[in-house]
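Residue numbers (this note's numbering), protein chains in the order written: chain A, -10 to 158; chain B, 8 to 211.
Structure follows, in structure tokens:
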């Protein structure tokens, strides 16, 4: 596999292989599935992701992005668990999640081209994961399925709270 | 209406128990705690399953929820993990909570007693009792978070195992639909109380 393709695949898999990223994306997707304007939330997330990557390109220094990401995951998980999905708060959290995920994904590539390939892969991987999980959760129509989604939300919130404590220790 | 709710919950429990079986099908490696996400998840998943006092109390939460019926049957498995996580966070941040082991043993005694007596307090009181004990359980596990593990994976595994124990309790608790099942569940409550008393005698 060429270096460029390898860098792209590394970026593509990043949201899946980094547990904090996967946790946040699943929580956001579960919330997305309950939103009437899913496309708007997805667009806000993608734009924030791009803005975060732009900040990396402009050489923004180390940020507490991981901690912010976990706080967002806890909030999103609690909202899913409570079946409380206010539109504006969902938009705000989608924006923070996108920017924080990007800032927590600095490419480790040697060349500029590889770095761009990694960033492109991460963007595609994160958006694809968000869409796939949201589509699956959107099919949860029966009472027990919706209850299952809420239970998963509570598990995500609980996990994120525990890890946040580890980060803040 | 009640039958419909029970069939919905039974469907959910079927999926959850299947997940539990799949996840628990690798006990030989469950004790591995390493820095990888897989090791962290397996270590976290195994953690709640190796403490009998924790296991019986978690099952008791589900059993009592099933005994109380809707909305407690779904409210408890949603709220318990989050309150427990707060207890875990308190421990991780180094804030001491006195009498944690006594609290855990007492949770089995009280929850088992509630089931044995078929107690049906108002939902707010039931939630308060369960929530208070969740702090003790969370604190005990938070204090034992192994260093060097993937914290996110460990926490996800730990929370999932706890949640699945609740769902196992709810599945058992659905037997209360039948008169013989109600007796069986109440007998299980007595057993849980006895296990709690055994641990309390050790803790004191």
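Where is the CB? At the ideal position from N, CA and C, for every residue including glycine.
What you are looking at is a predicted structure, and each value in this text was computed from that prediction instead of being measured.
Asked	Found
Segment contact flag, the stretch 172 to 191 of chain B with the stretch 89 to 100 of chain B, C-beta cutoff 8 Å, min 3 pairs	no
Where residue 75 of chain B meets chain A, residues with beta-carbon distance less than 9 Å	Here the premise fails: no neighbours, minimum Cβ distance about 16 Å.
Chain A contact residues for residue 162 of chain B, given Cβ-Cβ distances below 7 Å	148, 151, 152
Closest by C-alpha distance to residue 85 of chain A, when choosing among A:-1, A:17, A:0, A:2	A:17
C-beta contact flag for residue 8 of chain A and residue 159 of chain B at 8 Å	yes
Proximal residues to residue 201 of chain B (C-beta, below 8 Å), its chain only, five neighbours per side dropped	119
Start-to-end residues for the alpha helix (DSSP H) that takes in residue 113 of chain B	107 to 123
Which of helix, strand or coil DSSP assigns to residue 132 of chain A	helix
Min CB distance residue 90 of chain A to chain B below 8 Å	no
Runs of alpha helix (DSSP H) wholly within the stretch 44 to 70 of chain A (minimum 4 residues, chain order)	54 to 70
Endpoints, the alpha helix (DSSP H) within which residue 133 of chain B is located	130 to 150
Exposure of residue 29 of chain B, with buried meaning 16 or more beta-carbon neighbours within 10 Å	Model confidence at residue 29 of chain B stands at a pLDDT of 38, short of 50, so the residue's coordinates are unreliable; what they give is reported in the following sentence. Residue 29 of chain B comes out exposed.
Residues that residue 84 of chain B contacts on chain A, provided the C-beta gap is smaller than 8 Å	140, 143
Interface flag, residue 92 of chain B vs chain A, CB-CB below 8 Å	yes
Enclosing alpha helix (DSSP H) for residue 60 of chain B [first to last residue]	59 to 75
Beta-carbon proximity check, residue 19 of chain A vs residue 142 of chain A, cutoff 8 Å	yes
Cβ contact check for the stretch 94 to 114 of chain B and the stretch 188 to 199 of chain B: 3 or more pairs under 8 Å	no
Three-pair Cβ contact test at 8 Å for the stretch 40 to 56 of chain A versus the stretch 88 to 105 of chain A	yes
At least 3 beta-carbon pairs within less than 8 Å: the stretch 114 to 134 of chain A vs the stretch 24 to 38 of chain A	yes
Where residue -1 of chain A sits in the DSSP three-state scheme	helix
Within-8 Å CB hit, residue 100 of chain B to chain A	yes
DSSP-derived helix/strand/coil call for residue 22 of chain A	coil
Alpha-carbon spacing of residue 150 of chain A relative to residue 65 of chain A, whole angstroms	11 Å
Endpoints, the alpha helix (DSSP H) within which residue 194 of chain B is located	186 to 210
Separation of residue 171 of chain B from residue 148 of chain A, as counted between CA atoms	14 Å
Short Cβ contact (8 Å threshold) for residue 73 of chain A with residue 29 of chain A	no
Span of the alpha helix (DSSP H), counted from its first residue to its last, around residue 72 of chain A	Element bounds for residue 72 of chain A: n/a, residue is neither H nor E.
Rounded distance between the beta-carbons of residue 68 of chain B and residue 87 of chain B, thought under 8 Å	6 Å
Contact belief for residue 155 of chain A with residue 99 of chain B at Cβ below 8 Å, rounded distance in angstroms	6 Å
Close-in-space but distant-in-sequence residues of the same chain around residue 146 of chain A (CB under 7 Å, 5 per side omitted)	63, 66, 67, 70
Cβ-Cβ distance between residue 65 of chain B and residue 183 of chain B below 8 Å	no
Contact with chain B by residue 75 of chain A, beta-carbon distance below 8 Å	no
Residue-chain proximity (residue 25 of chain A, chain B), Cβ-Cβ < 8 Å	no
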